[in-house]
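The sequence shown stops at residue 174 when you use my numbering, and every number in between is there.
By construction, the Cβ of each residue, glycine as well, lies at the ideal position given by its N, Cα and C atoms.
Just so we're clear, the structure is a prediction, and the values are computed from it rather than from any experiment.
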Amino acid sequence: MSRLEELIAEHCPDGVEYKKLGDVVKVIPPNGKMLKKDYLAEGIYPIIDQGQNFISGYSNSKDKLNDDCDYVLLGDHTAHVKYIDFPFIQGADGIKIIKSKSDEISIKYIYYSMKALNIQSTGYHRHWRLFKESIIPLPPIDVQNEIVRILDTFTELTQELTQERELREKQYN
2 MSRLEELIAE HCPDGVEYKK LGDVVKVIPP NGKMLKKDYL AEGIYPIIDQ GQNFISGYSN
62 SKDKLNDDCD YVLLGDHTAH VKYIDFPFIQ GADGIKIIKS KSDEISIKYI YYSMKALNIQ
122 STGYHRHWRL FKESIIPLPP IDVQNEIVRI LDTFTELTQE LTQERELREK QYN
């Protein structure tokens, strides 16, 4: 029996509770927004926006810095979901900064849950309304942490394999 199976048997003998995402997280306001024209190619503080790139630019000014860590950022117009565990500046508009309402809910578990929802972009419409109404499983924190550990390991291995494949393709060409 795996560690996860043991935790589920121990902590969830009657099954797992399900809740609306909007009931277990809160959207917090940013410290400010950086306009695209002010993005730098290099700098001290990363700028995160709703685009596909994880980091969209940089700034050397810390006046708009969100220095608390562990957030999920949702591109409200793009449905891109990003996990942030470092200080950042919000770029332009359209981002929801999401934080857990409880210490018993892992924000990284919320990130993986939101990624698993597979809500497709519907163009330049607001997507938070779809996410917040979605129902997610909410096991106890020990189970959440084990799920996060497994998914982090899987993600790391996938990235390593992708990098290896890209290197081999370059070598072959």
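* residue 119: buried (16+ other C-beta within 10 angstroms of its C-beta) or exposed? -> So residue 119 ends up on the exposed side.
* To do: Check each candidate in 140, 130, 149, 157 and name the one with the smallest Cα separation from residue 10.
  => Considering only alpha carbons, the answer is 140.
* Asked: In this structure, does DSSP put residue 55 in helix, strand or coil?
  -> In the structure shown, residue 55 adopts coil according to DSSP, grouped into three states.
* Is residue 95 helix, strand or coil by DSSP? -> The three-state secondary structure of residue 95, taken from DSSP, is coil.
* **Own chain partners of residue 33 with C-beta closer than 6 Å, once the 5 adjacent residues on each side are dropped** => In the same chain as residue 33, and ignoring 5 residues on each side of it, the C-beta atoms closer than 6 Å to its own belong to 65, in chain order.
* Range covered by the alpha helix (DSSP H) that runs through residue 18 -> Taken as a continuous stretch (DSSP letters only), residue 18 belongs to no alpha helix (DSSP H), being part of the beta strand (DSSP E) at 18-21.
* Using DSSP with H/G/I as helix, E/B as strand and the rest coil, what is residue 37? -> Taken through DSSP and simplified to helix, strand or coil, residue 37 comes out as helix.
* Cβ separation of residue 57 and residue 49, assumed to be a contact under 8 Å, to the nearest whole Å -> That pair is a contact at about 7 Å.
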